[in-house]
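One structure is given here, and the rest of the page talks about it.
Right, dumping it as structure tokens:
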């Protein structure tokens, strides 16, 4: 069964169609990347899957089940999202503990204390951060909290919207390593949006290249590493990011 | 004391309560460092203490008449003189603080939550909900405060309760406007989107995530409005539509003193001083709160 499946999906913001006729499928446990320049519609696809961009036509299936158009309470336990900007994605007036306990409270899950501490440990944050406010944390620490929050409901699928682009280079590597470790430990499926090809080759199995709201090519990450992309636009993007990629980010 | 201080300012609090108390303590100490805010807070505390212990502070009864001692100038015995029925003005001002505090507190308790809720729902929901709620708000905003309050009191009959209701009805639209504007600044923020994705209902998002962020600007505004509320209440009292005699309401006292203002100035002036002092206190406190709770300074704490 596929974790996420899109068939002929068109997404619009008001009168403008941002994404046209997109189809792809991500197997369970796979890590799939959407790459492309700004405005190519890659983040919009994540928003449609999560329910934040309800204005779309076509079929979106999550774990085989077609999803509706708004945010969905039952989907919350299957599919969660990590946002781009860790400075905007945490409530400024709530402690880390509040932020992490909230999804448990929404779904009436007990043993909040133990679960919050376990989540902090899983993303490599010390227990002393538990009762701090977001403004008392660095960008990397905030992004760890955001990842921990996304994992609180033990979802199968994680939608990652440029999770490292707002961070310093050294912190980026830490977060990428953390994401890689979490995927291995919890058997997660990733759908990653990025414009950074080294991140793709480090974290993903396959990628789709997007341009002007359409997918121009879907390829294996090996093809990316070897520079064997076929479409001219993909190659252009590949050249722009500095040629063949050997190591991780 | 220093142990408590350290516990409050702990960088890594070990419980929810400690984190919240620590935040409250930081706000309080920032407030105490602001001289105007400290003066304002002292005046308000003095008002509350006076209201609580009025029978202990006032040397005379607020309503006891003594016609042989009418219209006496301020003296050692009657600090603020006596009025046309020989009642001690100082005692009446002291008892009047209870009425003022009651009006101010009730108006805040009624109008601030209504305004916050209407504004937050309007801003978060958008669309038709927003248009309808803001239309209603605009209708109330377009009416002059005192005139609308007068109309309500005229319809409901004079008295403190009706004055409170009338003032509350005219006060909430401003808070709704503020809460809506504040909500609009973060309704599309990622932290709200994250909570939506976790399956939270709109009610939960508004009550637990939107309202706390609108609260500080509303608190500031309510505090600054307190002066206006006191003046409106005094105005209603002055016109004979607020507290009824013999209640020692400050506005009503000024109204009675008007007849003697040229020869016995203290009858109208003393309650006037009380109104000025309390209004100033709320203004100072509101300004100080704005400095402390201002979102632009939040990051530095």
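Chains as they are written, first to last, in our numbering: chain A, 1 to 249; chain B, 1001 to 1301. Yeah, the Cβ is synthetic: ideal placement off N, Cα and C, and Gly gets one too.
Note on geometry: alpha-carbon atoms of residue 237 of chain A and residue 209 of chain A lie some 9 Å from one another. Judged by DSSP in its simplified three-state form, residue 180 of chain A adopts helix.
In this structure, the CA atom of residue 1289 of chain B is about 29 Å from the CA atom of residue 1143 of chain B. In this structure, the alpha-carbon of residue 1257 of chain B lies about 23 Å from that of residue 1051 of chain B.
For residue 1265 of chain B, no alpha helix (DSSP H) encloses it, and the DSSP letter there is neither H nor E. Counting only the Cα atoms, residue 52 of chain A lies some 7 Å from residue 1193 of chain B.
Of all residues in the stretch 105-121 of chain A, the ones placed with a Cβ closer than 7 Å to any Cβ belonging to chain B are 106 and 107, in chain order.
Look at residue 205 of chain A: its C-beta is not under 9 Å from any C-beta on chain B.
Linking residue 1033 of chain B to residue 1108 of chain B through their CA atoms gives a straight-line distance of about 26 Å. With respect to the 9 Å criterion, residue 1068 of chain B and residue 1081 of chain B are not classified as neighbours on the basis of their beta carbons. Counting every other CB atom within 10 Å of its CB across the protein chains shown gives residue 83 of chain A a total of 16 or more, marking it as buried. In this structure, residue 148 of chain A keeps its C-beta atom at 9 Å or more from the C-beta atom of residue 203 of chain A.
Under the DSSP assignment, residue 1214 of chain B falls in the alpha helix (DSSP H) whose first and last residues are 1211-1238.
Between residue 1040 of chain B and residue 1282 of chain B, the C-beta spacing is below 9 Å. Look at residue 225 of chain A here: in three-state DSSP terms it is helix. For residue 65 of chain A, DSSP records a beta bridge to A/62.
A direct Cα-to-Cα measurement between residue 128 of chain A and residue 102 of chain A gives close to 19 Å.
With the rule of 3 Cβ pairs closer than 8 Å, the stretch 1247-1263 of chain B does not count as touching the stretch 1041-1061 of chain B.
In the structure shown, the three-state DSSP call for residue 133 of chain A is coil. The residues 187 and 189, in chain order, have a CB closer than 7 Å to that of residue 29 of chain A in the same chain once the five nearest residues on each side in sequence are set aside.
Under the Cβ criterion (8 Å, minimum of three pairs), the stretch 1160-1174 of chain B does not count as touching the stretch 1199-1208 of chain B. For the pair residue 33 of chain A and residue 90 of chain A, the CB atoms are not nearer than the 9 Å cut-off. What residue 1014 of chain B touches in chain A, judged by beta-carbon distance under 7 Å, is 131, going in chain order. In the structure shown, the three-state DSSP call for residue 123 of chain A is coil. Residues of chain B whose Cβ lies closer than 8 Å to the Cβ of residue 71 of chain A are, in chain order, 1196, 1197 and 1199. Residues of chain B whose Cβ lies closer than 7 Å to the Cβ of residue 91 of chain A are, in chain order, 1191 and 1209. Closest in alpha carbon position to residue 192 of chain A, among A/206, A/39, A/126 and A/185, is A/206. Residue 32 of chain A does not reach chain B, its nearest Cβ partner there being about 19 Å away, counting only Cβ pairs nearer than 9 Å.
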